[in-house]
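Notes follow once the structure below has been shown.
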Amino acid sequence: MEVVPVTAELQESSATTTSERVPVAELLRRRRPGTSLESAFYTDEDVHALDLDVVFSRQWIFAAAAAEIPEAGDYLTVDVGSSSVVVVRDDDEQVRAFHNVCRHRGSRLLEDRGFVGNIVCPYHRWTYDLEGSLLHAEAQPPGFDKTCFSLRPVHVRDLAGLVFICLADEAPEDFDAVAELVEPHLRPYRLGEAKVAAQHDLAEQGNWKLVMENNRECYHCDGHPELITAYFPLFAYDEEDISPRLRPLYERYQRAAADLEVVRRAQGVPMVDHRQLADRVVGFQLTHMPLDGEGRSFGAHGASLSRRLLGDVQDPVFGDLSIHLQPNSWFHVLGDHAVVFSVMPTSVSTSVLRTTWLVHPDAEEGVDYDLATLRAVWDATNEQDRALVAATQKGVADPAYVPGPYSMVEDDVEAFVSWYVTRLREHLGPDAVPPTVPDARSGD
Amino acid sequence: MEVVPVTAELQESSATTTSERVPVAELLRRRRPGTSLESAFYTDEDVHALDLDVVFSRQWIFAAAAAEIPEAGDYLTVDVGSSSVVVVRDDDEQVRAFHNVCRHRGSRLLEDRGFVGNIVCPYHRWTYDLEGSLLHAEAQPPGFDKTCFSLRPVHVRDLAGLVFICLADEAPEDFDAVAELVEPHLRPYRLGEAKVAAQHDLAEQGNWKLVMENNRECYHCDGHPELITAYFPLFAYDEEDISPRLRPLYERYQRAAADLEVVRRAQGVPMVDHRQLADRVVGFQLTHMPLDGEGRSFGAHGASLSRRLLGDVQDPVFGDLSIHLQPNSWFHVLGDHAVVFSVMPTSVSTSVLRTTWLVHPDAEEGVDYDLATLRAVWDATNEQDRALVAATQKGVADPAYVPGPYSMVEDDVEAFVSWYVTRLREHLGPDAVPPTVPDARSGD
Amino acid sequence: MEVVPVTAELQESSATTTSERVPVAELLRRRRPGTSLESAFYTDEDVHALDLDVVFSRQWIFAAAAAEIPEAGDYLTVDVGSSSVVVVRDDDEQVRAFHNVCRHRGSRLLEDRGFVGNIVCPYHRWTYDLEGSLLHAEAQPPGFDKTCFSLRPVHVRDLAGLVFICLADEAPEDFDAVAELVEPHLRPYRLGEAKVAAQHDLAEQGNWKLVMENNRECYHCDGHPELITAYFPLFAYDEEDISPRLRPLYERYQRAAADLEVVRRAQGVPMVDHRQLADRVVGFQLTHMPLDGEGRSFGAHGASLSRRLLGDVQDPVFGDLSIHLQPNSWFHVLGDHAVVFSVMPTSVSTSVLRTTWLVHPDAEEGVDYDLATLRAVWDATNEQDRALVAATQKGVADPAYVPGPYSMVEDDVEAFVSWYVTRLREHLGPDAVPPTVPDARSGD
Ligand code: FES
Ligand code: FES
Ligand code: FES
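Protein chains in written order, with the numbering used here: chain A, 386 to 829; chain B, 386 to 829; chain C, 386 to 829.
As structure tokens, this is what we get:
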């Protein structure tokens, strides 16, 4: 990692008072790579409207695990800003997505999740099939043409058991290329056939980007005592920083990585990593990490959390396949379970973190896994992060806040921010936002 | 009813995203008769400010039943946006209305409802009589002229026991002509002398217009099992739609209507209907409807709900006198009781539905009527409608919502919307809003 | 007090409807001395942003009693709009103040109050000493210069045990001159060494200025039965207004005042009053008032509330040293205890009133004072005022509200408003706000 001296210059940087509002284009133009974003990105209603529009209504976003709607007729709804999307498995077992809005006078059609034969509006009983076609509407004049009133479709993809949607008319094409890179890694876990062991929605008192930034670094991982017993405690170091004192630990880590590679190769599963977080539209990162201690799962010191291994996995020491996707999701896929995370904005200063635990479809609660134990590490970690995000939302909303410098272990935060800033710049166009100098720090 | 083919054209119609705001004048100009309003009418703060100004601060609105303040000194307060109005019966038993604001430093004078001799400000004890004159203010300089600090009056009318107010400096003159048409129908019930058996305020999670639109059609009445047992199940039909299967039902209905006419004529009470919902300033509709089953009241299958008949009514089978008034009220007046409804906006996306049940002044609870039974049908119906309104508020706030076509039995919804759009157009003026083509569907 | 006839002219004055927004400069220009402020000053978000900026972020505001942080390392936090300030006693026992914002990614550093050795950010453990210097930050590149990342300081003064802060870069210099006038009056009470017996935060449903205006007059004191038993009931009178009936009361008051002067002189303590509420930047008033009845404290009829007298006070009949400071505080300092009040805005229509009771450091609860009795009079009075402020916030937000005339005993309300309007005018500049005619009524 190349470094640039961070000097007093930052201190003079643009503190904005609550009374003066800076146009978003100007905020984007003056964004300094290697430092946190200005206050307005976390507090301004105009920025938030732009986030909902440019990010959440135009990019591919993670919606649900396919395992949440296993049977034909199963549906769930996803709120994206003031949009609601019905994700439903149709009679051919295909996953489909529609805007959750009746074509008559606009009533919401379905709530939460459940099972339906057809989609019947609760207001005046207009009835749609699972492909969105209007089957029936009472008391219509003779000229009424039902084919004009189908439900409005939403783009949807099932990537090896992970369902993504895109609300845009034209969805970014980049998704399919990324899916092709990711799919072979996920295939052996057969997540689409998994069982949902638990799901939890955590109300965050912070802008969605603060929740994402929190996820994208382990600089704060000392605050996660439950989580870090499963990992090699090297997350604050680059290889060149390994001191003689850390050498034995580092060598242990290298051995575990080598062992993991052997195991995965034996199953014919790729172990190459990918890191394209900022430089493509569907920014992503895919990492295979050995675990410490027993090396099996997120239990204390790497202990196993479910007796049944996922899909085709045969060795319990199968590492942590960690996938990060821009803008709103990340995944930990282990030999015995997977944990699926997504962040949805609910206002400029609040969001919801959804966590879903997946296990083998035949794993029995109380027999193969203890639910509280399965959830414990991420319940604790999420709650610790919730407090940090809330404290940061308050701080960045303070007129005294000035963006500060990222440390040497916050590259992925920079990559997230850079991906985000790029999306907004593209949207506003080169005339609105002249480019700034590239970040000298980013290896991305 | 004339019909116009509804085609794919609608589908292309103006979906607005949250980020672009369309001026109200443009929204009014492009409003298409025969279809529901665009999203902004239910979600935009500018539209809401205009609604409060043009509709609720300039039109005659229903405030209360006169029976709520039977004695001199009785008062109640009515909130209209951020305005509060005191409606009080003065020492001459006249109903008067004042702005509920002290002329000193502005404190609210009275809360809720009660009884007063004079109106004394809770802050510094400025004291006003029931005609609004300032009687007393302490520690004033010699030149202080009390006559300059009377309470600011509000226009008020008592229409046969129904109290209407108008916050405008100049109230629409049309009210008196409508009152003259309506009064003879209401007179025999003597509502001004009735007893308030119950009153309920229901918090609606929807714009006030969605609550009104819900009231103005029975296209959704299959969702009201308690209510429809008292009505002839013909609400989704025009006469020409009556199929052979429905013929016996229709003939039963016609006989009941004819019988009702005989009874009402015997009491010298008019039975002509009126429908001027969209084409006058005080838009209204007045309908005499026979009830099904026992034909007496809103009990199951038309059963009676109070033993004492209202006012001068002599026959328990006296039909349902149903009155709809723009913008915010409707009334069901039956032989044995009346139910009075009004809608008040509390924000762009919330409102309050007030329901008041009136019975004969001597009707005794537990003896002549059972309170829970009296209320049951409208408590249930209001709650069913509350859920539909809430689902529709969410749906029309969705960027994917596009206005849809009214069915053949939603004429009164069109009339309400048309009345509303006309008021806003008049306010903004012909230069701001060029007229659109008239609605080919409306018989209004 | 000179008087000006108040005529019908006021009645015509500028009622603004919710739909039209008047620029603040215009509101300031047309403000009429001798009358309450227009609605927008209590309801408009732009005015509120200006209040936070011009008043709360540029003036000296009362933050806390020094007795709340008696030891080195004791800290408390103060919220001012979206700002948070840490007030901490450093290792040299000096009171210091910093913005409560980490220089890394902006997290809040400390919550509420407590004790710390260093200030450690909860997020990534950046560590600052009590003088605000960054001591430690992990994983920084070689060029990282810690001296560039000190906590941002806030101006702070300890005036005889009362801590004031100023968030401006340049704090108004006037403070020191006022402190010099006030300090000799406070010195004998040694408030810095006092004990905090109680503190209460009361949520007010009103703009902060309504809470201040309520404090600045006793025209409403008939509504405070508990409070007024300790005072001579003369608060609604000027000397020339004393009627023959009031003469004996007035003479009793004069004797008590003379006695108080003797006692205070014997202790070498000044008894001169000051009134510079509107005509200096740090507007203040300082009054020595004898109490009625026993003359000792705020107990019923002047009864004592704590057996231990504050600081060097030797006579229990030591009067009420009442200090009013613009914009947000007032103080009652009595022989046996002091009560400290401050108002902080929390939104345009809400604020918090903080009340702190101080007693002698050795006074023991249950022995020297009964806590409930000590608090009773101000708990009751604050609650009575809370209801009045809430009723007034609703009233001034009503479109029917028009500013009304101050009575002859509301001079200090006029002085508060005048001070406030002057600050806003100075900020916007003479070009934006041409001056209006001076107030003929103000003796200020
Ligand atoms: S709104 Fe769906 S059927 Fe009417
Ligand atoms: S506000 Fe009503 S008397 Fe003062
Ligand atoms: S935000 Fe304080 S150390 Fe990172």
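The C-beta atom is built at its ideal place from N, Cα and C for all residues, glycine as well.
Spatial neighbours of Val648(A) in its own chain (CB-CB distance under 7 Å, excluding positions within 5 residues in sequence) are listed in chain order as Asp700, Val702 and Phe703.
Separation of His540(C) and Asp514(C) (C-alpha to C-alpha, rounded to the nearest whole angstrom) is 18 Å. Look at His609(C): its beta carbon is at least 7 Å from all of the heavy atoms in ligand 2.
Taking a contact as a CB-CB distance under 8 Å, the pair Val486(C) and Tyr786(A) counts as one, their CB atoms being some 5 Å apart.
For ligand 2, a non-hydrogen atom lies closer than 7 Å to the CB of Tyr508(B).
Within the segment 415-428 of chain C, contact with chain B at the beta-carbon level (separation under 7 Å) is assigned to Ser421. Separation of the CB atoms of Arg406(B) and Asp429(B) is rounded to 7 Å, and the pair is thereby assigned contact status at 8 Å. Under the three-state reduction of DSSP output, Asp783(A) falls in the coil class, being neither helix nor strand. Proximity of Pro526(A) to chain B, defined by a Cβ-Cβ separation below 8 Å, is satisfied. DSSP places Thr420(C) in the strand class (E or B) of the three-state scheme. Per DSSP, reduced to three states, the secondary structure at Phe447(B) is strand.
Within chain C, Gly780, Asp783, Ala785 and Tyr786 have C-beta atoms less than 7 Å from the C-beta of Val486(B), given in sequence order.
Contact note: Met597(B) does not reach chain A at a C-beta cutoff of 9 Å; the least C-beta distance is about 13 Å. If you look at Tyr427(C), you'll find it in the alpha helix (DSSP H) that goes Ala425 to Thr428. Remark: the shortest separation between the CB of Arg490(B) and any heavy atom of ligand 2 falls under 7 Å.
DSSP places Met656(A) in no alpha helix (DSSP H); its state is neither H nor E. Annotation: Leu690(C) to Glu578(B) spans about 58 Å, alpha carbon to alpha carbon. Between Trp804(A) and Leu412(A), the alpha-carbon positions lie close to 15 Å from each other.
Residues of chain B whose Cβ lies closer than 9 Å to the Cβ of Asp607(C) are, in chain order, His509 and Arg510. Shown here, Ile708(C) sits in a strand according to DSSP, grouped into three states. Distances between the C-beta of Cys606(A) and the heavy atoms of ligand 3 are all 7 Å or more. Neighbours of Arg406(B) in chain C, taken as residues whose beta carbon is under 9 Å from its own, are absent, since the nearest beta carbon is some 16 Å off. Neighbours of His489(C) in chain A, taken as residues at a C-beta separation under 7 Å, are given in chain order as Gly789. Taking 8 Å as the threshold, the shortest C-beta distance from Tyr616(B) to chain A does not fall below it. Contact annotation for Leu773(B) against chain A: Ser492, Pro507 and Tyr508 [CB-CB distance below 8 Å, chain order]. The continuous stretches of beta strand (DSSP E) do not include Arg810(A), which lies in the alpha helix (DSSP H) extending over residues Asp796 to Leu813. By the Cβ neighbour-count rule, Ser442(C) is buried, with 16 or more other Cβ atoms within 10 Å of its own.
In chain order, Ala785 make up the part of chain B whose C-beta sits under 7 Å from the C-beta of Arg537(A). Under the three-state reduction of DSSP output, Cys606(A) falls in the helix class. Residue pairing of Tyr460(C) in beta bridges, as defined by DSSP: Val473(C) and Gly499(C). Across the structure, Asp816(A) and Pro788(A) are spaced so that their CA atoms are roughly 25 Å apart. The beta carbon of Ala451(A) does not come within 8 Å of any beta carbon belonging to chain C, so the residue lies off that interface. Listed in chain order, the positions of the segment 453-482 of chain A with a beta carbon within less than 8 Å of a beta carbon of chain B are Gly466, Ser467, Ser468 and Ser469. Among the residues facing chain A, Phe534(C) is included, as its CB has a counterpart in that chain under 8 Å away. Contacts with chain B at 8 Å (Cβ-Cβ) include Thr777(C).
In summary, Phe801(B) is buried, with 16 or more beta-carbon neighbours lying within 10 Å of its beta-carbon over all protein chains present.
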